Amino acid sequence: MKILLFTLSILSLGSCTDQQLTGGAIEEKSRDTAQAEQASDSPPISEPVMVAGAFLYCAVDADMAAEEGLSPVGCAVQQAGIKVNLPLDQLQVNHEVRANEQVVAVDGFQTEPDTSIWHWSFRMEASLVAESVVALSLSSESLNWNYQYESRIASSLTTVPDLVISFNGPQLTESTTGLVDGHFDLDTSVEIYGFDEGSSSGHVHEFDKKNQLNGADMFNLTDKGLLSIQAAIEPDVPFKLLVVNESLSPGVGVTLNGSSIAVADFNRYVSPQKFTLTAPQSDEAILLTELKIAIEIDAIVKRRLVASTTDCVRKNRAGPNGEYRNGALTLQAISLEGRIDPQTGAAKEGLLWEATVFSHEAECLQ
């Protein structure tokens, strides 16, 4: 099976209200969203799905020779680096194919692992392909975690997009001059406020110029008043991550545990994951060791970083369409019991920590 990789398309997904934060964080959904979910219980077969920081995809493989009565099927998993990068001798991959709840005997099932991709192929009765589900289990005894996922088999590799694997987000780098034609401010907070109320717990003006960076390391916020994520959250407390107002700042990316992802795709692929800051006690939890925000060096010039004023962001003045913190790009950690405001996409309950960035201009977002 040929595995073709190309850059993940940037999807402007709007607020997090379009995403379901599974595993405890509760989202208030609109009636249309609820009806859409009821109409489809499984992810669309036209794109891969995340499996413990990886993607699983199965399809009838046009590159394999068919045999009478048997259809060739190919499956692939590529680690995205969000869960953990494991040596192969520490990772167990188990799989089976079921049709109508019965395990289907397949011919020639074979795994072909390498450093980051596992792919295998098999042949099965052609009449059962439409009813079949591939079940995959990734586990590690040394790290005491296990994750399972199921995927239906697509009709043909030639009728769906190639595997969409690699993320495309800007990287945090040193920049002696900061962003071009401007600067960004950074705030952190642990409190939830209504519109035109409260403030933030810390604020740094011209963060990029002072630190000579095009972003910020959320584990290493040393400026006075700022709060690093590990200083705000107890090590054994599980949490979710989400971004707010991502459509207003498409020039921002987030790097976590080695993977860089554009904010437009963050809520789709990362927010369903559960994180901790110490060794996970749950099979599904992910040890968060890296969390950085990076901004394209010319994002201000190209209007890919939202512009506002310090007061409008800190005092949480609503944006022109009711945006949280006047539209500033916001990264939040919320408890598993946290709730999301369906209007703003930000936490309305259970906020543990947040950071906001914006291009500092003379006027609020209007």
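Note that the working numbering gives residue 28 to position 17 of the sequence shown, counting from 1, and the numbers run on in steps of one.
The beta carbon of each residue, even a glycine, is placed where N, CA and C say it ideally should be.
Since this is a predicted model, take the numbers as computed values, not measurements.
Check your understanding: At which residues does the alpha helix (DSSP H) containing residue 243 begin and terminate?
Key -> 240-243
Review point. When the distance is taken between beta carbons, is residue 196 closer than 8 Å to residue 341?
Key: no
Review point. If you count every other CB in all the chains shown that lies within 10 Å of the CB of residue 70, and 16 or more means buried, which is it?
Key: buried
Exercise for review: Could you check if residue 247 is buried or exposed, using at least 16 other CB atoms within 10 Å of its CB as the buried criterion?
Suggested key: exposed
Exercise for review: Can you tell me which of the three DSSP states residue 286 falls into?
Suggested key: strand
Point to revise | Of the residues 234, 281 and 251, the one placed nearest residue 264, counting alpha carbons only | key: 281
**Study point:** Enclosing alpha helix (DSSP H) for residue 275 [first to last residue]
**Key:** 274-280
Review point. Are the beta-carbon atoms belonging to residue 201 and residue 376 less than 8 Å from one another?
Key: no
Check your understanding: Relative to the C-alpha of residue 83, which residue among 286, 134, 227 and 109 is closest?
Key -> 134
Exercise for review: Would you identify the three-state DSSP class for residue 162, choosing helix, strand or coil?
Suggested key: strand
Exercise for review: Work out the CA separation of residue 333 and residue 353 for me, nearest whole Å.
Suggested key: 11 Å
Check your understanding: Among the residues of its own chain, which have a CB less than 8 Å from the CB of residue 241, if the five just before and after it don't count?
Key -> 230 and 288
Practice item. Determine the burial state of residue 138: buried for a count of at least 16 other Cβ atoms within 10 Å of its Cβ, exposed for fewer. Key: exposed
Point to revise | Separation of residue 344 from residue 351, as counted between CA atoms | key: 12 Å
Review point. If you check the beta carbons only, do residue 257 and residue 275 fall under 8 Å apart?
Key: yes
Practice item. Determine the extent of the beta strand (DSSP E) in which residue 251 is found, giving its start and end residues. Key: 250-255
**Study point:** Residue burial classification, residue 77 (beta-carbon count within 10 angstroms, cutoff 16)
**Key:** exposed
Practice item. Below 7 Å CB to CB, which residues in the same chain sit around residue 338 once its five sequence neighbours on both sides are set aside? Key: 256, 259, 317, 319, 330 and 376
Point to revise | Between the CA atoms of residue 249 and residue 346 - distance to the nearest angstrom | key: 7 Å
Point to revise | Sequence-distant residues of its chain with Cβ nearer than 7 Å to residue 312 (five each side left out) | key: 191 and 192
Practice item. Would you kindly work out how many angstroms separate the C-alpha atoms of residue 144 and residue 271, rounded to a whole number? Key: 31 Å
Check your understanding: Roughly how many whole angstroms lie between the Cα atoms of residue 252 and residue 298?
Key -> 13 Å
Check your understanding: Leaving out the 5 sequence neighbours to the left and right, which residues in its chain are closer than 6 Å to residue 296 when beta-carbon positions are compared?
Key -> 249, 285 and 287
Practice item. Mind checking which residues open and close the alpha helix (DSSP H) that includes residue 218? Key: 218-222
Point to revise | residue 315: first and last residue of the uninterrupted alpha helix (DSSP H) it sits in | key: Where residue 315 is concerned, there is no enclosing alpha helix (DSSP H), given that its DSSP letter is neither H nor E.
**Study point:** Option in 358, 136, 235 and 211 with minimal Cα separation from residue 254
**Key:** 358
Review point. Is residue 79 buried or exposed, if buried means 16 or more other CB atoms sit within 10 Å of its CB?
Key: exposed
**Study point:** Spatial neighbours of residue 324 in its chain, beta-carbon cut-off 7 Å, leaving aside the 5 residues before and after
**Key:** 198, 336, 337, 339, 367 and 369
Review point. Where does residue 107 sit, in a helix, a strand or coil, going by DSSP?
Key: strand
Check your understanding: Does at least one heavy atom of the ligand COA sit under 7 Å from the Cβ of residue 349?
Key -> Of ligands this structure carries none, so the ligand COA is not represented either.
Exercise for review: Could you check how far apart the C-beta atoms of residue 183 and residue 303 are, in whole angstroms? I think they sit under 8 Å.
Suggested key: 5 Å
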